[in-house]
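Report on the following structure.
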Amino acid sequence: MQNPAASRKLERVLHRHFHPTRDWRGVSAEDSLDISVRKRSQVQVVQLRGPLRMGPAVDGLRQTMEEALGNGDTRIVLNLAEVPMIDSSGIGLLVRFLASTKQRGGNIKLVQPNKFAVQTLRLVGVLNLFEIFDDDDAAVASFA
Amino acid sequence: MLAEPGSGPENSALSELLDLSMPADSEAIAAVVDTITESLAQLDVPEQKRLEVALAVQEALANAVVHGCENDASKQVRCQLKSDPNGRIVIIVTDPGPGFSPELLSDPKRSENLYADHGRGVYLIRQLMDEVHFEHGGNELRMWKY
Numbered sequence: 015m016q017n018p019a020a021s022r023k024l025e026r027v028l029h030r031h032f033h034p035t036r037d038w039r040g041v042s043a044e045d046s047l048d049i050s051v052r053k054r055s056q057v058q059v060v061q062l063r064g065p066l067r068m069g070p071a072v073d074g075l076r077q078t079m080e081e082a083l084g085n086g087d088t089r090i091v092l093n094l095a096e097v098p099m100i101d102s103s104g105i106g107l108l109v110r111f112l113a114s115t116k117q118r119g120g121n122i123k124l125v126q127p128n129k130f131a132v133q134t135l136r137l138v139g140v141l142n143l144f145e146i147f148d149d150d151d152a153a154v155a156s157f158a
Numbered sequence: 005m006l007a008e009p010g011s012g013p014e015n016s017a018l019s020e021l022l023d024l025s026m027p028a029d030s031e032a033i034a035a036v037v038d039t040i041t042e043s044l045a046q047l048d049v050p051e052q053k054r055l056e057v058a059l060a061v062q063e064a065l066a067n068a069v070v071h072g073c074e075n076d077a078s079k080q081v082r083c084q085l086k087s088d089p090n091g092r093i094v095i096i097v098t099d100p101g102p103g104f105s106p107e108l109l110s111d112p113k114r115s116e117n118l119y120a121d122h123g124r125g126v127y128l129i130r131q132l133m134d135e136v137h138f139e140h141g142g143n144e145l146r147m148w149k150y
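Written out as structure tokens, the structure is:
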């Protein structure tokens, strides 16, 4: 098993911040999704902060996932602890890339989806498609 | 939940709380959702209900933008928030599109649809709201939360 300390030394942080480019009618929309990506033990750990919904947020995550797959990274941990809402566009993205990673021998595993996100995933019947963990360490270790 | 066609709470005694129009642009949806959420908070609607309504509105506006207006930002989507004397709220989303037949939508929970990247919006709305009615050939959506 790789030394966690050594792994952390090898972490590469990629931070993207997506904002809507326009404020509609002077209302400041709190609709930004922060995406941070780190590599740990050959697993991409993607930390999301903000709602995962149609628009720049889903577009940004899609770009991140496509880059990961393009680089051959098919083992992905998605930390949802700070994601208050996932809409059907976000769910569609998650299941689509779940299928893509699995086809390549990988997986997408979820960390700490909140109560409402779990409710939403369950409502549309996809909750059981995902493995869910309490923290990044456990999710990363599960790929070993 | 779904009501029988044509039934539902009376519309005559509704108080109008918000009447918003937005361009049919996905980037405009969040501001409308947040405005509605803030209004519900001011009405002391419990958090769980606010979350459910917010997601239902998000889905309704997304459908209006994508399907009703084909992402044409020159078109407008209308979103109204009303309440009745019993404290029930109704959200009305209207788009200028040709409408659709909700009964023709496929079931997203069928095994062959689980990995589909779309097709869950209307289903979610029906699960999150207490009554859902499509009017005027499908381009007006009325959804109630008790």
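These protein sequence lines map, in sequence, to chains C and Z.
Counted the way this note's numbering counts, the first sequence spans residues 15 to 158.
Counted the way this note's numbering counts, the second sequence spans residues 5 to 150.
Each residue gets a CB set at the ideal place from its N, CA and C atoms; glycine is no exception.
If you're wondering where the values come from, they're calculated on a predicted model, not measured in any experiment.
For residue 27/Z, the beta-bridge partners assigned by DSSP are 80/Z. Three or more Cβ pairs closer than 8 Å define a contact, and the segment 111-121 of chain C meets that threshold against the segment 83-97 of chain C.
In the same chain as residue 138/C, and ignoring 5 residues on each side of it, the C-beta atoms closer than 8 Å to its own belong to 102 and 105, in chain order. When 7 Å is used as the limit between beta carbons, residue 122/Z is near these residues of chain C: 106, in chain order. Under a criterion of Cβ atoms nearer than 7 Å, the residues of chain C adjacent to residue 63/Z are, in order, 101 and 102. Bounds of the beta strand (DSSP E) holding residue 138/Z are 135-139. Between residue 129/C and residue 63/Z, the alpha-carbon positions lie close to 19 Å from each other. Residue 65/Z and residue 140/Z have their C-alpha atoms roughly 17 Å apart. Taking a C-beta distance under 7 Å as the contact criterion, residue 82/Z and residue 19/Z do not qualify as a contact pair. Contact between residue 17/Z and residue 89/Z holds, since their C-beta atoms are separated by about 6 Å, short of 8 Å. In the same chain as residue 146/Z, and ignoring 5 residues on each side of it, the C-beta atoms closer than 7 Å to its own belong to 94, 96, 137 and 139, in chain order. One thing to note: residue 110/C has its Cβ within 7 Å of the Cβ of residue 121/Z.
With 16 or more other Cβ atoms inside 10 Å of its own Cβ, residue 135/Z counts as buried. The beta-carbon distance between residue 85/Z and residue 132/Z, rounded to whole angstroms, is 16 Å. This is too long to meet the 8 Å contact definition. Contact with chain C is found for residue 119/Z, since one of that chain's Cβ atoms lies less than 7 Å from the residue's Cβ. Considering only 74/Z, 32/Z and 53/Z, the residue with the shortest C-alpha distance to residue 67/C is 32/Z. Within chain Z, the residues placing a beta-carbon under 8 Å from that of residue 69/C are 30, 31, 33 and 34, ordered along the chain. Under the three-state reduction of DSSP output, residue 95/C falls in the strand class. Distance from the Cα of residue 94/C is smallest, within the candidate group 87/C, 88/C and 75/C, for 75/C. Not flagged as an interface residue toward chain C: residue 106/Z, since no C-beta distance is shorter than 7 Å. Residues of chain C whose Cβ lies closer than 7 Å to the Cβ of residue 127/Z are, in chain order, 138.
Under the Cβ criterion of 7 Å, residue 113/C is counted among the residues facing chain Z. Chain C places no beta carbon closer than 7 Å to that of residue 85/Z, leaving this residue out of the contacts.
Each residue's CA atom was taken as its position, placing residue 75/Z and residue 155/C some 43 Å apart.
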